[in-house]
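Our numbering numbers the first residue of the sequence shown as 11 and each following residue consecutively.
All remarks here apply to the structure that follows.
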Amino acid sequence: MTKYIFVTGGVLSSLGKGIAAASIGALLKSRGFKVSMLKFDPYINVDPGTMNPYQHGEVFVTKDGAETDLDLGHYERFVGVDLSYYNNVTAGQIYSSVIEKERRGEYLGRTIQVIPHITDEIQERIRKVAREDRADIVITEVGGTVGDIESLPFLEAIRQFGLKEGKQNTLYIHLTLLPYIPSIGELKTKPTQHSVGRLREIGIQPDFILCRTQVPLTRQARSKISLFCNVEEENVIQAIDVDNVYEVPLRFERENLTEKIMKKLNLSSKKENMKEWEEWVSKINNARSEVRIAVVGKYVQMKDAYKSIIEAFTHAGAANNVRVYSGWIEAEEIVDGAEGKLSSFQGILVPGGFGSRGIEGKIRAIRFARENNYPFLGICLGMQCSVIEFARNVAHLEDANSTEFDPLTPYPVIDLLPEQKKIKDKGGTMRLGEYECRVKKDSFSGRAYGREVVYERHRHRYEFNNTYRKILEEAGLRIAGIYPEKDLVEIIEIPDHPWFVATQFHPEFSSKPRLPHPLFRDFIRAAMEKTL
Ligand code: GLN
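What follows is the structure, given as structure tokens:
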């Protein structure tokens, strides 16, 4: 019998609902339950794949190639699971599948309505996760904030779901904000009262309220929320700001949240295993030295666009007993002669991206890293720019480029494969998800992985153009990873360098707390050795 937990958010967005849901998942997993996660996104896009990073933040890619919300990244990292396309459901997917069924005649004779057709479809998606992942517990996070028009069908669906499954099998957790007013030294509960009021109007009575606060939750605030929101005082849980998100499960545990959830859901377990997590967190918090990495990108004002990279730094830092400081450098600011901006860092990373803005700045940063022996990691677009840089400045292929930025370049060292050229639709048509990569033993990557066959996640349209492989290799480029089935170049390296690796895939998506990605781990280690 699967148990279901629903997490909703109130007052405003960006309160860390994803981290809260992921933390609860981590805690329940530590008690020996098989936990799966589901994220509902109330927007009409089928997936976030076609959205701008400013709109959406990072697009997280699952093993099976789904382009999903960045919360799935938190779930994978906290719960230690690999998720799939069915773990992220958008309003767009729900509506399009209901409309397809209507066209097939599956509702013949009836009028299609939000209730029951849309809400039934939503509930079926929750059951699908329970079935596919054979979960003891499914935690579903409803995106958006209570009160949004878009999230209404989802809230209605989870209300009905609770009615059908019964009280002992479902649980509602609401995350809100308690603003602190310094002039009177008080935590205000009114916004929470209002947002819980909205939830109860729809028929959802939360079992727990998680209160985001800057300062410790007072007895008064707790009892006021309990009284006005109809929640037992002990189930009003403090969720205080922390510097390190991996501390959140430990904070919840201090409030005895796991036991309380288990009690409500009639679950019991003797296991308890957050010890290693706790040790790992204190390792991060107590790291004495710092290593400085420059991230040269084009969405640097929007750190959420690089979420998994930031997390992969944390994991790699812990493995090396060092804190990773990342300096966010706007690629467009690296104009000719401005490379000096990078000299105070010990390592340089160029992340993925789309479109031509900032490309020349990234290429300058890469040249600086290559020529001045700065440890370098290039990811996806970062790899493509590394190939362009090498072609232009080492192999003397003047004006070499990717056809994404210059369709008429004389040396298209990065280009579309013939099968990609035929594709017209933009949604879900890139090379997506996990592919095999054969790694060259005697290389930076080979030493990092310690294995010759690895699987890594992709999200790109363009590829290394094999026409130029021989010329570039003869000029000194090392091809350190290949996708054997199609002979595609997946990793390039500069051999005569302390550490220079660039990958067509995204290593950051598979880095986990106590299992740092080997390339990030070795990149950070190499950067620590860079003396300025
Ligand atoms: N724009 C490049 C491509 O589509 C790189 C994509 C990326 O960095 N994720 O191939």
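Glycine included, each C-beta is placed from N, C-alpha and C at the ideal position.
In this text, all values refer to a predicted model and were calculated from it rather than measured experimentally.
Contact check for Met-11 against Ala-31 fails: the beta carbons are separated by 8 Å or more. Distance from the CA of Ile-303 to the CA of Arg-374, rounded to the nearest whole angstrom, comes to 16 Å. Counting only beta-carbon distances shorter than 5 Å to the non-hydrogen atoms of the ligand GLN, the qualifying residues in chain order are Gly-362, Phe-364, Cys-390, Leu-391, Arg-469, His-470, Arg-471, Tyr-472.
Trp-287: member of the alpha helix (DSSP H) spanning 285–295, first to last residue.
Our two residues, Glu-134 and Ile-147, have alpha carbons roughly 16 Å apart in a direct line. Per the coordinates, the alpha-carbon of Tyr-256 lies some 46 Å from the alpha-carbon of Glu-484. If you ignore the 5 residues before and after Leu-187, its C-beta comes within less than 7 Å of the C-beta of Val-21, Leu-22, Leu-25, Pro-201, Arg-222, all in its own chain and listed in chain order.
Counted as a single uninterrupted DSSP element, the stretch harbouring Ser-299 is not any alpha helix (DSSP H) but the beta strand (DSSP E) occupying residues 299–307.
Under DSSP, the beta-bridge partners assigned to Ile-358 are Ala-304, Phe-386. Distance between Phe-16 and Gly-172, taken at the CA atoms: about 10 Å. Following the DSSP letters along the chain, one finds Gln-248 inside the beta strand (DSSP E) bounded by residues 246–250. Here Pro-422 carries a strand assignment [DSSP, helix/strand/coil]. In this structure, DSSP gives Asp-51 an extended state, which the three-state scheme calls strand. Boundaries of the beta strand (DSSP E) harbouring Thr-18: 13–19, taken from the DSSP string. Under the criterion of beta carbons closer than 8 Å, Asp-158 and Pro-52 qualify as touching, at roughly 7 Å. By the Cβ-count criterion, Leu-275 is buried, with 16 or more other Cβ atoms from all chains shown falling within 10 Å of its own Cβ. Take the alpha-carbon of Lys-308 and the one of Cys-395: they are about 13 Å apart. Boundaries of the beta strand (DSSP E) around Leu-185: 180–187. Under the three-state reduction of DSSP output, Val-345 falls in the coil class, being neither helix nor strand.
A direct Cα-Cα distance of roughly 8 Å separates Ser-94 from Gly-75.
Rounded to whole angstroms, the gap between the alpha carbons of Thr-413 and Leu-359 is 23 Å. Cα atoms of Glu-166 and Thr-228: separation of roughly 33 Å, rounded to the nearest angstrom. In the DSSP annotation of this structure, His-127 is not part of any alpha helix (DSSP H), being labelled neither H nor E. Taking Pro-226 as the centre and dropping the five residues before and after it, the same chain places the C-beta of Gln-248, Ile-250 closer than 8 Å to its C-beta, in chain order.
Secondary structure in the stretch 19–91: the beta strand (DSSP E) runs of 3 residues or longer, each lying completely within the stretch, are 45–51 in chain order. Excluding five sequence positions before and after Ala-490, the CB atoms of its chain that fall closer than 8 Å to its own CB belong to Val-449, Lys-450, Ser-453, Phe-454, Ser-455, Gly-456, Ile-501, Ile-502, Glu-503, Val-511, given in chain order. Taking 8 Å as the cut-off, the beta carbon of Arg-367 is found no closer than this to the beta carbon of Glu-399.
At the C-beta level, Ala-297 and Arg-333 come within 8 Å of one another. Under DSSP, no beta-bridge partner is assigned to Trp-509. Just measuring C-alpha positions, the residue of Gln-224, Leu-237, Glu-244, Glu-265 sitting nearest Gly-207 is Leu-237. Given a length threshold of 3 residues, each whole run of the beta strand (DSSP E) inside the stretch 510–541 is given here in chain order: 510–513. Here Glu-473 carries a strand assignment [DSSP, helix/strand/coil]. In this structure, the CA atom of Arg-469 is about 15 Å from the CA atom of Asp-435. In this structure, Trp-338 lies near Val-310, with their beta-carbon atoms less than 8 Å apart.
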